[in-house]
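**Student:**
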Amino acid sequence: MQVSIRELKTHLSHYLQQTRSGEAIDITSHRRIIARLQGIVSSENPGIQALLAQGATWSGRKPTGASLVVSHTEYSMSDLILDMRG
42 MQVSIRELKT HLSHYLQQTR SGEAIDITSH RRIIARLQGI VSSENPGIQA
92 LLAQGATWSG RKPTGASLVV SHTEYSMSDL ILDMRG
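What follows is the structure, encoded as structure tokens:
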């Protein structure tokens, strides 16, 4: 979604509510994007808490440093994809 600076200032609370629901808003000036408004994921999120418990560090952006297991099967993800294609 794109919104002009004037529209953002006029309806700020409305657009902040939309960012809380996960939508990113591009802010424009003279029809050019100059910034992006995006909500912050709460640290109360169970997925974030699980990553932090595994030793990840998180500053509000992409968590780093955790060892992630995608599947609990004996096959790797690439083996599963190849099996699905064949």
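The letter at position 1 of the sequence shown is residue 42 when you use the numbering used here, and the numbering goes up by one with no holes.
Here a beta-carbon is modelled for each residue, glycine too, at the ideal position from N, C-alpha and C.
As the structure is a prediction and not an experimental result, all values here were calculated from the model.
Mapping DSSP to helix, strand and coil, what is T89?
**Tutor:** Residue identity check: residue 89 is Ile in the sequence provided, not Thr. Helix, per DSSP.
**Student:** On the criterion of 16 or more Cβ atoms from any shown chain inside 10 Å, does L57 qualify as buried, or is it exposed?
**Tutor:** Exposed, since its Cβ has fewer than 16 Cβ neighbours within 10 Å.
**Student:** So what does I75 bridge to, in DSSP terms?
**Tutor:** Looking at the DSSP assignment, I75 forms no beta bridge with any residue, so it has no partner.
**Student:** Sort R61, N86, I46 and Q90 by Cα distance to T69 and report the nearest one.
**Tutor:** Nearest of R61, N86, I46 and Q90 to T69, Cα basis: I46.
**Student:** Looking at the structure shown, is Q43 part of a helix, part of a strand, or coil, going by DSSP?
**Tutor:** Of the three classes helix, strand and coil, the one that applies to Q43 here is strand, per DSSP.
**Student:** Check whether the Cβ atoms of I66 and L78 sit closer than 8 Å, and answer yes or no.
**Tutor:** Yes, they are a contact pair.
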